[in-house]
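Taking it in order: structure first as structure tokens, then the write-up.
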Amino acid sequence: MDQYFVLGNPVEHSKSPRIHARFAELTGQTLVYGKQLVALNGFAAMLAQFQKNGVKGCNVTVPFKFEAFQAAHTWSDRAQLAQASNLLVFDDSGSGSGSSIYADNTDGVGLVNDIQINAGVALAGRDILLIGAGGAAAGVLGPLLASGPRRLVLVNRTHEKAVKLAERHSVHPSMQVLLQKTELLTPEINGLGGYFDVIINASASSLAGAAVPVARSVLKPGALAYDMMYGPAALGFTRWALDNGAVPRDGLGMLVEQAAEAFKIWRGVRPPSAQVLQELRAAMQQPA
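FYI, the numbering for the sequence shown is 0 to 287, going by numbering that gives the first Met the number 0.
Set out below in structure tokens:
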């Protein structure tokens, strides 16, 4: 039976096995999907073990998305642009030399589909603020720009990291970079034209339980405030959004949508993601 895994550290909280099991059930596919905790210095060894054991593919979560990209032999265009991967495919050519590794990144299409299809918020012509410049932000920046926003501003505590990420997208005139202070300074935002329709938290602040890393003054009334985390980790950000007149949304829909794209790549059939998201939210008993 074909085997797939999600790799991360931590990974115990992952809903990916449940999501992919339901996808398989709804599409008539036969597979096994598990989760694997990986030591911080053990990612390459784990991939080698998977290749030896005939594993077909894996999803990759924090903190291994950059390592996953570097471990591959071939890449999709969107993985190349992100320089990070959340999806690996092991392709055994029968040569006896082990499987080659193909890397893709489905985070961005997952985010955009959740915002535009599930949340019903069109991104074309909007002002977007993206917080963070790590693997999560790298995976979504390209698809966000491709959705046609009027303006996308990237902020990060480490300015150099943000600039390097933005440089790969420099052909987009709507792309701008700011250095994030303790709070995002209102004069800097005003100097770039005001407030934002969509704020996306791709930083590790929620996972670390830290304060929301931007000032509430960046929010337009009724703005969508999106945290790429879900469950208890996202509550600080979503409560902040609600308290400040924004529409909060966590990253559960992104998780399901990126998984649907991964499932299609692995199995050649697209699962009913909206149904699975609805079932998962009901089971978790949490709002959007």
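Cβ atoms here follow ideal geometry from the backbone N, Cα and C, with glycine treated the same way.
Strand pairing of residue i, partner residues [DSSP]
| i | result |
| --- | --- |
| residue 198 | 128 and 224 |
| residue 86 | 58 and 103 |
| residue 147 | Residue 147 pairs with nothing; no bridge assigned. |
| residue 4 | 33 and 57 |
| residue 157 | Residue 157 pairs with nothing; no bridge assigned. |
Span of the beta strand (DSSP E), counted from its first residue to its last, around residue i
| i | result |
| --- | --- |
| residue 34 | 30-36 |
8 Å Cβ shell around residue i - same chain, five flanking residues per side excluded
| i | result |
| --- | --- |
| residue 75 | 101, 102, 103 and 104 |
| residue 8 | 36, 37, 38, 39, 61, 62 and 63 |
| residue 10 | 34, 35, 36, 37 and 60 |
| residue 20 | 32 |
| residue 221 | 244, 245 and 246 |
| residue 73 | 99, 100, 101 and 102 |
| residue 282 | none |
| residue 70 | 42, 43, 46, 87, 100 and 102 |
Cβ neighbours of residue i in the same chain (closer than 6 Å, five flanking residues each side left out)
| i | result |
| --- | --- |
| residue 276 | 252 and 255 |
| residue 1 | 30 and 55 |
| residue 274 | none |
| residue 239 | 211 |
| residue 147 | 123 |
| residue 294 | Outside the shown range of the chain, which is 0 to 287, sits residue 294, and nothing can be said about it. |
| residue 4 | 33, 35 and 57 |
| residue 120 | 114 and 223 |
| residue 66 | 42 |
| residue 108 | 142 and 260 |
| residue 265 | 56 |
| residue 236 | 200, 205, 211 and 226 |
For residue i, the first and last residue of its enclosing alpha helix (DSSP H)
| i | result |
| --- | --- |
| residue 76 | 76-81 |
| residue 25 | 15-26 |
| residue 52 | 42-52 |
| residue 67 | 64-70 |
Spatial neighbours of residue i in its chain, beta-carbon cut-off 7 Å, leaving aside the 5 residues before and after
| i | result |
| --- | --- |
| residue 229 | 249, 250, 251 and 254 |
| residue 215 | 243 |
| residue 269 | 259 and 263 |
| residue 78 | 68, 84, 102, 103 and 104 |
| residue 271 | 25 |
| residue 241 | 247 |
| residue 89 | 49, 50, 54, 55, 56, 98 and 100 |
| residue 125 | 148, 149, 196 and 197 |
| residue 155 | 131, 132, 161 and 179 |
| residue 14 | 254 and 279 |
Contact with chain B by residue i, beta-carbon distance below 9 Å
| i | result |
| --- | --- |
| residue 240 | The structure shown contains no chain B; it holds only a single protein chain. |
beta-carbon residue i near the ligand GDP non-hydrogen atom, thresh 8 Å
| i | result |
| --- | --- |
| residue 125 | As for the ligand GDP, it is missing from this structure, which has no ligand bound. |
Contact between the region 244-264 and the region 103-121 (3+ Cβ pairs under 8 Å): yes
Length at least 3, wholly inside the region 207-276: the beta strand (DSSP E) runs in chain order: 218-226 and 246-248
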